[in-house]
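The structure appears right after this line, and notes come after that.
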Amino acid sequence: MKKIIYIIAAILVMGWNSANSQTQKGSVLIKNATVLTVTKGILEDTDVLVENGIIKKIGKGLTASNVTTIDAKGKYVMPGIIDAHSHVALDAVNEGTAPITSEVRMADVIDPYDIGLYRALAGGVTVSHAMHGSANAIGGQNITLKHRYGSGNPDDLIMKDAARTIKFALGENPTRVHGRGNGIQPRSRMGVEAVIRNGFNDAIQYKKTWETYNNALKVKGATPVPPKYSERLQTLVDILDGKIIIHCHSYRADEIYMLINVCREFGITNIVFSHVNEGFKVAPELAAYTMGASVFADWWAYKFEVYYSTAFNAAILTQNGVITSINSDSGELIRHLYHEAGKAQRYGELTDEQTLALITINPAKQLGIADKVGSIEEGKQADLVIFNDHPLSVYAIPQMTFVDGVKYFDINEDPNDMRLRVAATESIEPIFLKEHDHKCMHGVDFFFTNFGRSLFDHEH
Amino acid sequence: MEDQNILKMKKINQIIFTVALLVLPFLANAQFDGEFIKPRNGRFLLQNATIVTVTKGNIENGSVLISNGKIEAVGKNIPAGDAEVIDCTGYFIYPGLFDGGSRLGLVEVNSVPETQDYAEIGQVTPNMQALVAVNPNSVAIPVTRVSGVTTTLATPSGGLFPGTAALINLNGYTADQMYAGFKGVVLNFPSSARRSTWDRRSDEDIKKEAEKAEKTLNEIWERAVTFNQLKKADAALDYYPEMEQLAKVVAGELPLLVEVNAASDITLAIEWIQSKNVKAILTGVAEGWRVADKIAASKIPVITGPMLSIPTRNSDRFDAAYTNPGKMAKAGVKVVIRSNDAENTRNLPFNAGFAAAYGMGKEEALKAVTINAAEVFGVADRMGSIEQGKDATLFVSTGDPFETKTQIRHVFIDGYRVPMSNRHIKLYQEFLQRSPGLVEN
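Top to bottom, those sequences are chains U and F. Residue numbers for the first sequence follow the working numbering, beginning at 161 and rising by one. Residue numbers for the second sequence follow the working numbering, beginning at 618 and rising by one.
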């Protein structure tokens, strides 16, 4: 008996250990900083106490024993930056084999060794939304990551308390891959609408089939034949049931309006439009019927559907009451989202608070994690960045980045080479002149080649 | 029912009115003024500004008198005479910013081949003139110049010798009106680097291709040298436009813009340039910091950028691209910054800002986009600083043009006051408060 108790105790301890080691949580006291809370104003000369990964207290003259203390006098603390559209730390991006691939999960292809994670941390980004690409009208299920760089276990990067999300895509990309590339629907924006509408209707049928089966089971002695399970359709059912947030790659006003209408018809309210370059043209509709827009600061003219864009998009959307965020969709841009947000001050003169919200609380809302991250408030997770200057200044340089109170970036202490491992095949380290991996059309890049080589910078 | 609708309308009107009141001050401060739709020249007095001359320090409460396309006077208490006075109290005057390498005007929509005019077919096409393909009516030009970027090096790309780049001002209706007085022949130096993370050639293939390119380069060069000798000897020569153009480089009439990025390639390029005794400018130079002393010793100037790009190697420090221009400048290299962009050439000042923040310093970064560029392009007698007698190519801002918060108020190019408007701004004016707004259905 005693033996059994010992064994049970040992198992419990082991279980507790492994649960604990899953996500490291830290404690720290940041003193005398200018705290940009985003939701509760600017607090001068203020301390932030973090205990076990959670913001315990914000105030003046805080003390704590056995906790690392950082003097941040003259420095700025802001919430960890959140990127609502990224492809960093993914081994694969597109499953471009069918117009609907809702069964695919990005959680299965996380690459914890991607140096892009560390570079993002060095730009103050603590959370990214690792998305499926834009090849399909309905793509795969995305995964929200916390940048806990250093672990070789993909599971450690997953933000487990984040909402489920899925990628949709409209316009040129799905019509090029499937219509022009494979000769199947969608070839046009009409087809994109039809593919999505058909998908939802199939899902309704599928749900009914299962309901019929489950009801039949209740009849005593009945032996109904179970319907064939479909992960693809079940995921669409979950969207219809409000369990998943849609993040839809989109550009033109007409296609945005189209999907708003489809969603309204099917009773879907959990939808965020991504890129959404012409979102400013349907800002009142976006404000009324969606969870907002996640935009680029100034990208345009890289393809025809973004020719009629404006860098004032974020400002127009914000002034119209649309929840607006600025995302990277790039392993390069993710390193300076604070600067990308700053451009909304050049183009539309948003206030500091409106501008900082574009990369903190607003993307948090769009990812369904605003109760956990996105602002500096007591009780929230301690994802924090310390800057040497106001983060909206072009001269601002991130100094330290914390995730769950654990420091993952320190400009003064980190070695130059921050790779976690070096591939044995890498006898000569490759030199890259441009970054192309972390993008929407990764994996279907043959549709972008021209005379055998890629001629352009942006392929979103 | 009707009454209800009227009530609803009234309520909507009230809301619109309140919103309008709220955004009114914000509209008044926006980037545009909408006063005029086409560039106009004349005599202008920009009064009471802080003048950042770049070459002769700052002048507080100073004025700049513009006349006949030139800066007629700079200083304090300049009488207006018949000049149109523009009050610049609290504002700053800077010389127009140079982008040392851009496809602006050479492409309209990146993914549409019909609008790509920056690359020709063939490896050796130095006679391709970027200037003839610049579209003066590109929508991206007014989008760019309201940022204070007034002058760009329109640069072709593609093969080994893709063509001849030309310096252009971002105002004018013809190529000749835009031409700013510098041309250079582009050489894509044989590269051991991958073009991008999509470049999946094997190490072996990259090496082979580089060796082959080097062989071709030397063969072509020898041919150009011979062609030049024959030309000087007044020999009867067949029509050979490629060699005509390269002979100008051999003769020192045109500089070579040598695009090179990997450290080992930079070293090879310097040796090659020195062995051929050719007038050259290094461009790209992404890994310049690794061989900064060598570049400095060679005295070859550098056009580098963008800073807003990833480090070339995964083992590099995260800020390798940000710190590159500062490290080269500290080693004594003359550095010019480029965006290497097209439609977003307007981000040049922000690239300079990052260079400044990460070691270059504000003063040196400003030089890198003004006077250094003018010197490297051989136009410093006319451009690159606010000095009496120079071209009136300058802008007025509310502050540091590298800061995103700063607004650019006025832009002058060759004495022409250009409209502070473009398609991006017009869309803002139309859609900030769309009418009709939301119609419930």
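Note that the Cβ used here is the ideal one computed from N, Cα and C, for glycine as well.
So, is the C-beta of K1022/F closer than 7 Å to a C-beta in chain U?
-> Start at 1 with the first residue of the second sequence, and residue 1022/F comes out as number 405. Yes, contact with chain U.
Which stretch, first to last residue, makes up the beta strand (DSSP E) that contains N678/F?
-> The sequence position of residue 678/F within the second sequence is 61, counting from 1. Per DSSP, N678/F belongs to the beta strand (DSSP E) from N675 to S684.
Spatial distance of A946/F from M977/F (CA atoms) | The residue given as residue 946/F occupies position 329 in the second sequence. The residue given as residue 977/F occupies position 360 in the second sequence. Taking the straight line joining both Cα atoms gives about 7 Å.
Closest by CA to D577/U, which one among Y939/F, S1038/F and R934/F?
-> Sequence index remark: in the first sequence, residue 577/U carries index 417 (1-based). Looking at the Cα atoms, R934/F is the closest of the given residues.
Closer than 7 Å, CB to CB, is A879/F near chain U or not?
-> Counting from one through the second sequence, the residue named residue 879/F turns up at place 262. By this cut-off, A879/F is an interface position.
Can you say whether Y373/U is buried or exposed, counting buried as having 16 or more other CB atoms within 10 angstroms of its CB?
-> For the purposes of this step, residue 373/U is identified with residue 213 of the first sequence, where counting begins at 1. So Y373/U ends up on the exposed side.
Which parts of the segment 538–588 of chain U are runs of the beta strand (DSSP E), unbroken and 3 residues or longer, counting only runs that do not cross its ends?
-> 544–547, 558–563 and 566–570
Coil, strand or helix - K911/F by DSSP | The residue labelled residue 911/F in the question sits at position 294 within the second sequence. Helix, per DSSP.
Within 7 Å, strictly: CB atoms of V802/F and P743/F = What you label residue 802/F is simply residue 185 of the second sequence in a count that begins at 1. What you label residue 743/F is simply residue 126 of the second sequence in a count that begins at 1. Yes; because the gap between Cβ atoms is below 7 Å, this pair is in contact.
Coarse secondary structure for P730/F, derived from DSSP in three states | Counting from 1 along the second sequence, the entry for residue 730/F is found at position 113. Reduced to three states, the DSSP call for P730/F is helix.
When DSSP labels each residue in this structure, what does H307/U get in the three-state scheme?
-> By one-based count along the first sequence, residue 307/U stands at place 147. Coil at H307/U, not helix or strand.
In three-state terms, what does DSSP make of A280/U?
-> Along the first sequence, read from residue 1 onward, the residue named residue 280/U stands at position 120. Of the three classes helix, strand and coil, the one that applies to A280/U here is helix, per DSSP.
For M266/U, name the three-state secondary structure that DSSP assigns.
-> By one-based count along the first sequence, residue 266/U stands at place 106. The answer is helix: DSSP assigns M266/U an H, G or I state.
Please classify N665/F: does DSSP put it in a helix, a strand, or coil?
-> What you label residue 665/F is simply residue 48 of the second sequence in a count that begins at 1. Three-state DSSP puts N665/F in a strand.
At a cut of 8 Å, does the segment 776–795 of chain F reach the segment 743–757 of chain F through at least three beta carbon pairs?
-> yes
Residue range of the beta strand (DSSP E) that P239/U falls in?
-> Here the question's residue 239/U lines up with position 79 in the first sequence. Start and end: Y236 to P239.
Near S553/U, what residues of its chain come up, given a Cβ to Cβ distance below 8 Å and the 5 sequence neighbours on each side ignored?
-> Taking the first residue of the first sequence as position 1, residue 553/U is located at position 393. Result list for S553/U: G502, in chain order.
Using a Cβ cut-off of 7 Å (strictly closer), state whether G717/F contacts chain U.
-> In the second sequence, the residue the question calls residue 717/F occupies position 100. No, its Cβ sits nowhere closer than 7 Å to a Cβ of chain U.
For my contact list, R955/F and G718/F are in at a C-beta cut-off of 8 Å; report their separation, rounded to the angstrom.
-> Sequence index remark: in the second sequence, residue 955/F carries index 338 (1-based). Sequence index remark: in the second sequence, residue 718/F carries index 101 (1-based). Rounded, the Cβ-Cβ distance is 4 Å, consistent with contact.
Spatial neighbours of T470/U within its chain, please: CB distance less than 7 Å, with the 5 preceding and 5 following residues excluded, ordered by chain position.
-> Along the first sequence, one-based indexing puts residue 470/U at 310. Closer than 7 Å at Cβ, skipping near neighbours: F440.
Starting from the beta carbon of F562/U, find every residue of chain F whose beta carbon is closer than 7 Å, and list them in chain order.
-> Here residue 562/U refers to the residue found at position 402 of the first sequence. What F562/U touches in chain F: nothing, since even the nearest Cβ is about 17 Å away.
Entirely within the segment 348–429 of chain U and at least 3 residues each: give me those beta strand (DSSP E) ranges in chain order.
-> 404–410
Applying the criterion that 16 or more other CB atoms from any shown protein chain within 10 Å of the CB defines a buried residue, is T511/U buried or exposed?
-> Against the first sequence, residue 511/U aligns to sequence position 351. Exposed, because fewer than 16 other Cβ atoms sit within 10 Å of the Cβ of T511/U.
Smallest Cα separation from S680/F: which of G686/F, A697/F, T672/F and G674/F?
-> For the purposes of this step, residue 680/F is taken as residue 63 along the second sequence, with counting starting at 1. Closest option to S680/F, Cα to Cα, is A697/F.
Please say whether R1034/F and R762/F have beta carbons closer to each other than 7 Å?
-> Walking along the second sequence from the start, residue 762/F turns up at place 145. Walking along the second sequence from the start, residue 1034/F turns up at place 417. Not a contact, by the Cβ cut-off of 7 Å.
Distance, G901/F Cα to K824/F Cα | To locate residue 824/F, count along the second sequence from 1; it is residue 207. To locate residue 901/F, count along the second sequence from 1; it is residue 284. C-alpha separation (whole angstroms): 20 Å.
So, is M350/U buried or exposed, given that buried needs 16 or more other C-beta atoms within 10 angstroms?
-> Here residue 350/U corresponds to residue number 190 of the first sequence, with the count starting at 1. Answer is exposed; the Cβ neighbour count stays below 16.
In whole angstroms, what is the alpha-carbon distance linking T450/U and F328/U?
-> Here residue 450/U corresponds to residue number 290 of the first sequence, with the count starting at 1. Here residue 328/U corresponds to residue number 168 of the first sequence, with the count starting at 1. The alpha-carbon atoms of T450/U and F328/U are separated by roughly 14 Å.
Give, in chain order, every residue of the segment 237–250 of chain U whose Cβ lies closer than 7 Å to some Cβ of chain F.
-> none
Contact list for the segment 994–1027 of chain F against chain U, Cβ threshold 9 Å = D1017, F1019, E1020, T1021, K1022, T1023, Q1024 and I1025
R449/U - containing alpha helix (DSSP H), residue span | Residue numbering aside, residue 449/U sits at position 289 when the first sequence is read from its first letter. A small fix is needed here, since residue 449/U is Tyr in this sequence, not Arg. Note, Y449/U: alpha helix (DSSP H), A443 to Y449.
Runs of beta strand (DSSP E) wholly within the segment 880–954 of chain F (minimum 3 residues, chain order) | 897–901, 919–921 and 952–954
Cβ-Cβ distance between L203/U and T229/U below 7 Å = For this step, residue 203/U is matched to residue 43 along the first sequence. For this step, residue 229/U is matched to residue 69 along the first sequence. No, the Cβ-Cβ distance between L203/U and T229/U is not below 7 Å.
Work out the CA separation of V952/F and V919/F for me, nearest whole Å.
-> Counting from 1 along the second sequence, the entry for residue 919/F is found at position 302. Counting from 1 along the second sequence, the entry for residue 952/F is found at position 335. Roughly 5 Å between the two C-alpha positions.
Cross-chain neighbours of E960/F in chain U, by beta carbon under 7 Å | Working through the second sequence from its first residue, we reach residue 960/F at position 343. Going along chain U in sequence order, the residues near E960/F (Cβ under 7 Å) are W460 and A461.
Three-way DSSP call (helix, strand, coil) for Y498/U in this model = For the purposes of this step, residue 498/U is taken as residue 338 along the first sequence, with counting starting at 1. Three-state DSSP puts Y498/U in a helix.
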